[in-house]
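These notes concern the structure reproduced below.
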Amino acid sequence: MSNVVITGAQWGDEGKGKIVDLLTEDADYIVRYQGGHNAGHTVVIGDKEFILHLIPSGILRPGKKCVIGNGVVIDPHALLAEIDGLNEKGIEIRDNFFISGRAHIIMPYHRAIEKESEKLKGSLRIGTTGRGIGPSYADKIARVGIRIVDLIDREVFREKLRINLQEMNYFLERLYGVKGFVLDDVYHEYMGYAEKLRGFVADTALLLDRAIGEGKNILFEGAQGTHLDVDHGTYPYVTSSNATSGGACTGSGVGPTKIDKVLGVVKAYTTRVGSGPFPTELKDSTGEYLRERGREYGATTGRPRRCGWFDALATSYAAKVNGFTQMAITKLDVLDDLEEIKICVGYRYNGKRYDEMPSELKVLEGCEPVYESMEGWRASTSGISKYEALPHKAKRYIERVKELIGIEIDIISTGFRRDETILLRKIF
Ligand code: IMP
Numbered sequence: 076m077s078n079v080v081i082t083g084a085q086w087g088d089e090g091k092g093k094i095v096d097l098l099t100e101d102a103d104y105i106v107r108y109q110g111g112h113n114a115g116h117t118v119v120i121g122d123k124e125f126i127l128h129l130i131p132s133g134i135l136r137p138g139k140k141c142v143i144g145n146g147v148v149i150d151p152h153a154l155l156a157e158i159d160g161l162n163e164k165g166i167e168i169r170d171n172f173f174i175s176g177r178a179h180i181i182m183p184y185h186r187a188i189e190k191e192s193e194k195l196k197g198s199l200r201i202g203t204t205g206r207g208i209g210p211s212y213a214d215k216i217a218r219v220g221i222r223i224v225d226l227i228d229r230e231v232f233r234e235k236l237r238i239n240l241q242e243m244n245y246f247l248e249r250l251y252g253v254k255g256f257v258l259d260d261v262y263h264e265y266m267g268y269a270e271k272l273r274g275f276v277a278d279t280a281l282l283l284d285r286a287i288g289e290g291k292n293i294l295f296e297g298a299q300g301t302h303l304d305v306d307h308g309t310y311p312y313v314t315s316s317n318a319t320s321g322g323a324c325t326g327s328g329v330g331p332t333k334i335d336k337v338l339g340v341v342k343a344y345t346t347r348v349g350s351g352p353f354p355t356e357l358k359d360s361t362g363e364y365l366r367e368r369g370r371e372y373g374a375t376t377g378r379p380r381r382c383g384w385f386d387a388l389a390t391s392y393a394a395k396v397n398g399f400t401q402m403a404i405t406k407l408d409v410l411d412d413l414e415e416i417k418i419c420v421g422y423r424y425n426g427k428r429y430d431e432m433p434s435e436l437k438v439l440e441g442c443e444p445v446y447e448s449m450e451g452w453r454a455s456t457s458g459i460s461k462y463e464a465l466p467h468k469a470k471r472y473i474e475r476v477k478e479l480i481g482i483e484i485d486i487i488s489t490g491f492r493r494d495e496t497i498l499l500r501k502i503f
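Using the working numbering, the letters of the sequence shown correspond one by one to residues 76 to 503.
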């Protein structure tokens, strides 16, 4: 029995979807613990590509049980569309899927408020995915959120909605000057969702506690990444949840004493979507090369991702705040054609050198990265599944990353497909 948390070590899009899919083979339960349909996990099986936003990618393997934990915010419309899409592709979703009754839901006013608030911020906008994630979490913390258990109780739902709309419509109409929402319209729309979702609702904390008691393997699937975490990320340019490993406990109801391993997923270079500091960003032809070769376009919004060199400060900070026990490095093959590869080993700001990731936004925004340079291997690593078969210089790059972060690398990914992977140690 083993319980493993997977988290992203950078700004999301590290390739967690593929790693989760690989490890799912040995897991009995796969649990999402934070975020919402702002996430997009791409999984390629044979010649079929699946992009999942809310449902854990474990759903693609028969016999696995998938859970959306209490820490997730659920847009019922998006969830039902995802269920329908999977059903159409022949993936069955019945007694293998559970939603926490304590998860909060995203309402149409959350999306509307987010859109207007981003507009108002102008150049200071966060560059959100526009899914209503932040306002839904804001309501949760302000204790006015609506949970799944409230949604499936007609009377409770209507009353909470009535009260919330008074406030939300005030903001929308008076502050932003846009149309508010009509109680009956939203109520009827959401009652339709409630009926379709009712059968999936469970006390998932108890369900997981039982599973752990039975010795099952549980995989916790983090969304986004460490530097988008609301506490540990580049605040305020973050998402509104705890994407770090601690979120797996609070977002699922499984205590920290039950977690055995934390696997950090890191891309062989760095990407970021949306606004916010990104010290190693490349705004030149190398950045362009990484974007095209790495297909770096958002799985959720299609936005081009900002690309840059591997940042050892950002990753080693992630290793600490997550407590990584091992790492997976993805997309090594994207670096194949580069003559020179750089690794950021420090920042310089106002004449001062930083060897650890600072928390001040102005330092992160204004710093110069200090780079170490390595010769590229200029040979294909695409699809390689044995460590011995990697070019010598590619091994040196991996070794250097391992040395800088101080954590073993157990998995190296060299392509999108399951078999394009070097597995150095078994995780479960
Ligand atoms: P939100 O999560 O939609 O509120 O967006 C907040 C920030 O997180 C924005 O910069 C988004 O681009 C970023 N973000 C949210 N989800 C993801 C993800 O799955 N991958 C990468 N960036 C994300």
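Using N, Cα and C, we set each Cβ at its ideal position, and we do this for glycine too.
| Check | Outcome |
| --- | --- |
| DSSP-derived helix/strand/coil call for N123 | Checking the sequence, you will find Lys at residue 123 rather than Asn. Note: K123 maps to strand in three-state DSSP. |
| Coil, strand or helix - C442 by DSSP | coil |
| Beta-carbon proximity of I334 to V119, cut-off 7 Å | no |
| DSSP state of V224 mapped onto helix, strand, coil | helix |
| T203 beta carbon near the ligand IMP (any heavy atom closer than 6 Å) | yes |
| Beta carbon proximity, H467 to chain D, threshold 7 Å | The structure shown contains no chain D; it holds only a single protein chain. |
| Extent of the continuous alpha helix (DSSP H) run through N239 | 229-245 |
| Where the beta strand (DSSP E) containing I486 begins and where it ends | 484-488 |
| Cross-strand partners of G421 (DSSP beta bridge) | V445 |
| Coil, strand or helix - N162 by DSSP | helix |
| Three-way DSSP call (helix, strand, coil) for T43 in this model | Here the chain covers residues 76 to 503 and nothing more, so residue 43 does not appear. |
| I188 (DSSP reduced to helix, strand or coil) | helix |
| Cβ contact check for the region 139-147 and the region 312-327: 3 or more pairs under 8 Å | yes |
| Where D411 sits in the DSSP three-state scheme | coil |
| At least three beta-carbon pairs within less than 8 Å, the region 401-408 to the region 479-491 | yes |
| Residue environment, T332, which counts as buried when at least 16 other CB atoms sit within 10 Å | exposed |
| Distance between T456 and R471 (C-alpha atoms, nearest Å) | 14 Å |
| CB of Y392 within 7 Å of CB of M432, strictly | yes |
| 8 Å contact criterion, which E450 and E415 should meet: CB distance rounded | 7 Å |
| Cβ shell of K336 (< 8 Å), same chain only, five flanking positions each side left out | S77, N78, V79, V80, T400, Q401, I502 |
| Closest residue to E167 among K139, K93, L303, R493 (Cα-Cα distance) | K139 |
| Beta-carbon spacing of N239, V224 below 7 Å | no |
| F275, DSSP secondary structure in three states | helix |
| Residues sharing a beta bridge with P379, DSSP | Y372 |
| Member of E230, G165, L236, K190 whose CA lies at the smallest distance from the CA of I180 | L236 |
| L303 classed as buried or exposed, judged by whether at least 16 other C-beta atoms fall within 10 angstroms | buried |
| Simplified DSSP assignment, three categories, for S175 | strand |
| Rounded C-alpha distance that separates E73 from L282 | In this structure the chain extends from 76 to 503, so residue 73 is not present and cannot be described. |
| Among L338, Q109, V340, nearest to K215 - alpha-carbon criterion | Q109 |
| Cβ-heavy atom distance, Q299 to the ligand IMP, below 6 Å | yes |
| Separation of I287 from R347, as counted between CA atoms | 35 Å |
| A374 vs I126 beta-carbon contact at 7 Å | yes |
| Close beta carbons around G255, own chain, < 6 Å, minus the five adjacent residues each side | N244, L247, E248 |
| heavy atom of the ligand IMP below 6 Å from I181 C-beta | no |
| Under 7 Å between C-beta atoms of P311 and E440 | no |
| Endpoints, beta strand (DSSP E) assigned at G209 | First-last for G209: 208-216, but that is the alpha helix (DSSP H), not the beta strand (DSSP E). |
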